[in-house]
Amino acid sequence: MNTSTRNAQLIIAARLISDFGAFLNMVALATYVYLLSNSAMSVGIFLASRVAGGIFASLIGTRFYRRWAGRLPLIAFDLLRAGLLSLLLLLPVTQQALLLPLIAFGLGFGNSMFAIGLNSQLPHMIDQAQLLKTNAWISSASSAAMVGGSLVAGLLVAGFGFETVFALNVATYLLAALLIVPLRFSRPAPSDEPLQQQGEWPALRQGLRTAPVLTAMLAVAMADTLGSAAHNVGFPIISKLLTPESASTTLGLMLAVWASGKFIGARIASRLKGTDNVHLERRFFFGVLLMSCGFILMFQQQTLYGLLLFSLPAGLGDGFSEVGLMSRLQREPDNLRLPIFSFLTLLQMTGFGIGMLIAAPFYSWWTPGAVVLLFHGIPLTTLLVAKGLAFRNGRVRRSSPTPAP
Numbered sequence: 117m118n119t120s121t122r123n124a125q126l127i128i129a130a131r132l133i134s135d136f137g138a139f140l141n142m143v144a145l146a147t148y149v150y151l152l153s154n155s156a157m158s159v160g161i162f163l164a165s166r167v168a169g170g171i172f173a174s175l176i177g178t179r180f181y182r183r184w185a186g187r188l189p190l191i192a193f194d195l196l197r198a199g200l201l202s203l204l205l206l207l208p209v210t211q212q213a214l215l216l217p218l219i220a221f222g223l224g225f226g227n228s229m230f231a232i233g234l235n236s237q238l239p240h241m242i243d244q245a246q247l248l249k250t251n252a253w254i255s256s257a258s259s260a261a262m263v264g265g266s267l268v269a270g271l272l273v274a275g276f277g278f279e280t281v282f283a284l285n286v287a288t289y290l291l292a293a294l295l296i297v298p299l300r301f302s303r304p305a306p307s308d309e310p311l312q313q314q315g316e317w318p319a320l321r322q323g324l325r326t327a328p329v330l331t332a333m334l335a336v337a338m339a340d341t342l343g344s345a346a347h348n349v350g351f352p353i354i355s356k357l358l359t360p361e362s363a364s365t366t367l368g369l370m371l372a373v374w375a376s377g378k379f380i381g382a383r384i385a386s387r388l389k390g391t392d393n394v395h396l397e398r399r400f401f402f403g404v405l406l407m408s409c410g411f412i413l414m415f416q417q418q419t420l421y422g423l424l425l426f427s428l429p430a431g432l433g434d435g436f437s438e439v440g441l442m443s444r445l446q447r448e449p450d451n452l453r454l455p456i457f458s459f460l461t462l463l464q465m466t467g468f469g470i471g472m473l474i475a476a477p478f479y480s481w482w483t484p485g486a487v488v489l490l491f492h493g494i495p496l497t498t499l500l501v502a503k504g505l506a507f508r509n510g511r512v513r514r515s516s517p518t519p520a521p
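Residue numbers (our numbering): 117 to 521.
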């Protein structure tokens with residue numbers, strides 16, 4: 117087995133376990149905060165602190181990984197998350213309430229720094245020919261971890277209590293760190309002195325100015341986070357509306373079907389012919405189109421079967437878009453790839469945080485179907501504008517006279 121294949125297997129396993137831990141604590145901690153405080157405001161502060169940690173990570177991620185590249189930072193961020201959660205096992209409950217926002221900030225920071233470091237450095241660990249397939253498996257592992265972590269959290273809390281969940285969570289991060297230890301980089305991440313003198317963000321703006329398709333992809337990804345925020349707020353609402361007596365079961369089934377669709381979509385995306393940049397870009401745009409249409413149709417349903425039926429194409433589109441976006445951004449040169457992934461994390465964190473704040477009041481005024489139609493209409497509109505601009509620019513280039521040699 118060559119180094120690239122071995123690295124890919126270790127990364128996929130580490131990502132599966134790490135994401136399982138992330139979804140495990142996301143479900144358990146939100147419930148734990150509410151039980152401790154009996155206040156929806158405390159839950160809001162906890163979630164906002166988590167998003168703030170992600171935003172802070174996106175702002176410093178580029179500079180951090182320019183200075184400290186390789187596997188050691190990835191191990192450190194797994195250990196950071198394990199250490200933060202272990203505080204809930206060591207400290208008395210009376211002292212935990214004030215620390216929970218700080219723990220949430222640290223978890224959000226660790227999650228985002230781990231994702232930025234792994235995604236931006238993947239081309240240094242995996243051969244170019246294996247990147248698309250590896251990204252597809254990472255996406256599949258993440259979707260499986262989401263369903264597994266969400267379902268297991270509820271069962272463990274009900275059967276064994278929060279301490280058991282937190283202990284298991286600490287173990288997942290320690291195991292993920294152990295899987296990263298054997299990773300080998302094909303070459304060290306280079307340091308680009310002219311870029312650092314110019315500044316990372318100005319260099320990113322200059323790089324995106326010369327790559328309009330990448331700019332369009334990031335714009336659509338940002339708009340998509342607003343739609344994602346709306347349907348995440350709406351999941352428990354539509355579940356309770358359709359099945360008041362078993363809302364949590366419906367929510368679990370819906371997430372399971374969606375994750376199955378994402379798994380299948382990622383597998384299909386990795387097996388399609390054509391691995392050029394243009395194919396990856398088309399895969400991303402098609403995935404966003406399918407995903408948003410799937411979620412819009414999901415929330416128009418009046419029966420559980422209709423809801424589950426349209427959860428599948430929504431997941432398929434999510435798998436397509438994620439594999440296309442990650443694989444395309446990893447094709448960029450070293451001096452642009454790391455700032456792009458930091459910027460993408462910033463867009464996703466701010467978009468998701470703002471989207472949840474904006475979308476929540478709409479559910480008091482409108483039906484869930486109308487809210488999701490509005491918010492998923494934003495990425496669809498952004499996609500149409502991007503494709504329209506690309507078509508117009510193509511026509512301008514074709515119609516402009518070719519200079520004589």
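Glycine included, each C-beta is placed from N, C-alpha and C at the ideal position.
| Since A257 and L132 are thought to touch, with beta carbons under 8 Å apart, how far apart are those beta carbons, to the nearest angstrom? | Residue 257 sits at position 141 when you count from the first residue of the sequence shown. Residue 132 sits at position 16 when you count from the first residue of the sequence shown. Confirmed, about 4 Å.
| query | What's the C-alpha gap between D308 and G410? | reply | For this step, residue 308 is matched to residue 192 along the sequence shown. For this step, residue 410 is matched to residue 294 along the sequence shown. A caution first: D308 carries a pLDDT of 47, below 50, which makes its placement in the model unreliable, though a value can still be read off. Cα to Cα, D308 sits roughly 43 Å from G410.
| task | Below 6 Å CB to CB, which residues in the same chain sit around F523 once its five sequence neighbours on both sides are set aside? | result | No answer is possible for residue 523: it lies beyond the span of the chain, which begins at 117 and ends at 521.
| task | Report yes if the CB atom of L358 is closer than 8 Å to the CB atom of T366, and no otherwise. | result | On the sequence shown, position 242 is the one that residue 358 refers to. On the sequence shown, position 250 is the one that residue 366 refers to. Their beta carbons are under 8 Å apart, which means L358 touches T366 by this criterion.
| field | G433 vs V394 beta-carbon contact at 8 Å | value | Working through the sequence shown from its first residue, we reach residue 433 at position 317. Working through the sequence shown from its first residue, we reach residue 394 at position 278. No. Outside cutoff.
| field | Proximity to R179 [Cα-Cα], best of L423, M229, L214, V143 | value | Along the sequence shown, one-based indexing puts residue 179 at 63. Selected option, being the one with the closest Cα: M229.
| In the structure shown, what three-state DSSP assignment does F415 receive? | Start at 1 with the first residue of the sequence shown, and residue 415 comes out as number 299. F415 falls in the coil class under three-state DSSP.
| task | Note down, in chain order, each residue of its chain lying with its Cβ closer than 7 Å to the Cβ of I494, except the 5 sequence neighbours on either side. | result | Working through the sequence shown from its first residue, we reach residue 494 at position 378. Result list for I494: A339, L342, G343, in chain order.
| query | So what's M241 in DSSP terms, helix, strand or just coil? | reply | On the sequence shown, position 125 is the one that residue 241 refers to. Reduced to three states, the DSSP call for M241 is coil.
| task | Could you pull out every residue in the same chain whose Cβ sits closer than 7 Å to the Cβ of N123, ignoring the five residues on either side in sequence? | result | As a working mapping, residue 123 is identified with position 7 in the sequence shown. Taken in chain order, the residues that qualify are M241, I242, L299, R300.
| message | Within the continuous alpha helix (DSSP H) that includes F478, where are the two ends? | response | Locating residue 478 in the sequence shown gives position 362, where the first residue counts as 1. Note, F478: alpha helix (DSSP H), 450-481.
| task | Can you tell me which of the three DSSP states F136 falls into? | result | The sequence position of residue 136 within the sequence shown is 20, counting from 1. Helix.
| said: Looking at F136: is its Cβ nearer than 8 Å to the Cβ of A261? | reply: On the sequence shown, position 20 is the one that residue 136 refers to. On the sequence shown, position 145 is the one that residue 261 refers to. Yes, the Cβ-Cβ distance between F136 and A261 is below 8 Å.
| message | Given this structure, state the Cα-to-Cα distance separating A130 from R187, to the nearest angstrom. | response | Taking the first residue of the sequence shown as 1, we reach residue 130 at position 14. Taking the first residue of the sequence shown as 1, we reach residue 187 at position 71. Cα to Cα, the separation comes out at about 12 Å.
| query | Can you list, in chain order, the residues of its chain whose CB lies under 8 Å from that of I470, leaving out five sequence neighbours each side? | reply | Within the sequence shown, the letter at position 354 stands for residue 470. L342, A345.
| Chain-order list of residues whose beta-carbon lies under 6 Å from that of A164 (same chain, five-residue window excluded) | As a working note, residue 164 is residue 48 in the sequence shown. So the list is empty, once near-sequence residues are dropped.
| field | Assumed close pair K378, S255 - CB separation to whole angstroms, cut-off 8 Å | value | Numbered from 1 along the sequence shown, position 262 holds the residue referred to as residue 378. Numbered from 1 along the sequence shown, position 139 holds the residue referred to as residue 255. That belief holds up - the Cβ atoms of K378 and S255 are roughly 7 Å apart, short of 8 Å.
| query | Between V263 and L425, is the Cβ-Cβ spacing less than 8 Å? | reply | Numbered from its first residue, the sequence shown carries residue 263 at position 147. Numbered from its first residue, the sequence shown carries residue 425 at position 309. No, the pair does not count as a contact, with Cβ atoms beyond the cut-off.
| query | L445 and I456 look like a contact to me (Cβ under 8 Å); what is the Cβ gap, rounded to whole Å? | reply | As a first step, residue 445 is located in the sequence shown; it is residue number 329 there, counting from the start. As a first step, residue 456 is located in the sequence shown; it is residue number 340 there, counting from the start. Indeed they touch by this definition, with Cβ atoms about 5 Å apart.
| Starting from E279 and walking both ways along the alpha helix (DSSP H), at which residues does that stretch end? | The residue labelled residue 279 in the question sits at position 163 within the sequence shown. Per DSSP, E279 belongs to the alpha helix (DSSP H) from 278-296.
| request: Let me know the secondary structure DSSP gives K378 once reduced to three states. | output: Stepping through the sequence shown from its first residue, residue 378 is reached at position 262. Looking at K378 - three-state DSSP - the assignment turns out to be helix.
| If we ignore side chains and look at the alpha-carbon of each, how far apart do L207 and L200 end up? | By 1-based counting over the sequence shown, the position of residue 207 is 91. By 1-based counting over the sequence shown, the position of residue 200 is 84. Computed Cα separation, rounded: 11 Å.
| Beta-carbon gap between G350 and Q416 smaller than 8 Å | Position 234 of the sequence shown, counting from 1, holds the residue named residue 350. Position 300 of the sequence shown, counting from 1, holds the residue named residue 416. It is not a contact, given that the beta carbons lie outside the stated cut-off.
| task | With distances taken Cα to Cα, identify the nearest neighbour of L152 among L204, A138, N118. | result | To locate residue 152, count along the sequence shown from 1; it is residue 36. The shortest Cα separation from L152 among L204, A138, N118 belongs to L204.
| message | For D392, report the span of its alpha helix (DSSP H) as first-last. | response | Taking the first residue of the sequence shown as position 1, residue 392 is located at position 276. Neither: D392 is in no alpha helix (DSSP H) and is coded neither H nor E.
| request: Quick one: give me the first and last residue of the alpha helix (DSSP H) that A192 is part of. | output: As a first step, residue 192 is located in the sequence shown; it is residue number 76 there, counting from the start. Taken as a continuous stretch (DSSP letters only), the alpha helix (DSSP H) holding A192 covers 187-206.
| query | Could you check where the alpha helix (DSSP H) with L299 kicks off and where it finishes? | reply | Taking the first residue of the sequence shown as 1, we reach residue 299 at position 183. Here L299 belongs to no alpha helix (DSSP H), and DSSP marks it neither H nor E.
| field | Secondary structure of I127, DSSP reduced to three states | value | Along the sequence shown, read from residue 1 onward, the residue named residue 127 stands at position 11. Looking at I127 - three-state DSSP - the assignment turns out to be helix.
| query | Three-state secondary structure (DSSP) at T326? | reply | Residue mapping note: residue 326 aligns to position 210 of the sequence shown, counting from 1. Reduced to three states, the DSSP call for T326 is coil.
| task | Pull up the CB-CB distance for A99 and V439, whole angstroms please, since I reckon it's below 8 Å. | result | Because the chain is modelled from 117 through 521, residue 99 falls outside the range shown and cannot be assessed.
| Would a check of beta-carbon distances place L145 closer than 8 Å to chain B? | Considering every chain present, this structure includes no chain B. It has just one protein chain.
| request: Can you tell me which of L223, L334, M142, T250 puts its alpha carbon nearest to the alpha carbon of T461? | output: Translated into the one-based positions of the sequence shown, residue 461 becomes position 345. The option with the nearest alpha carbon to T461 is L334.
| query | Near L496, which residues of its chain fall below 6 Å by C-beta distance, leaving aside the five closest residues on each side in sequence? | reply | Along the sequence shown, one-based indexing puts residue 496 at 380. Once the five neighbours on either side are set aside, the close Cβ partners of L496 are S408.
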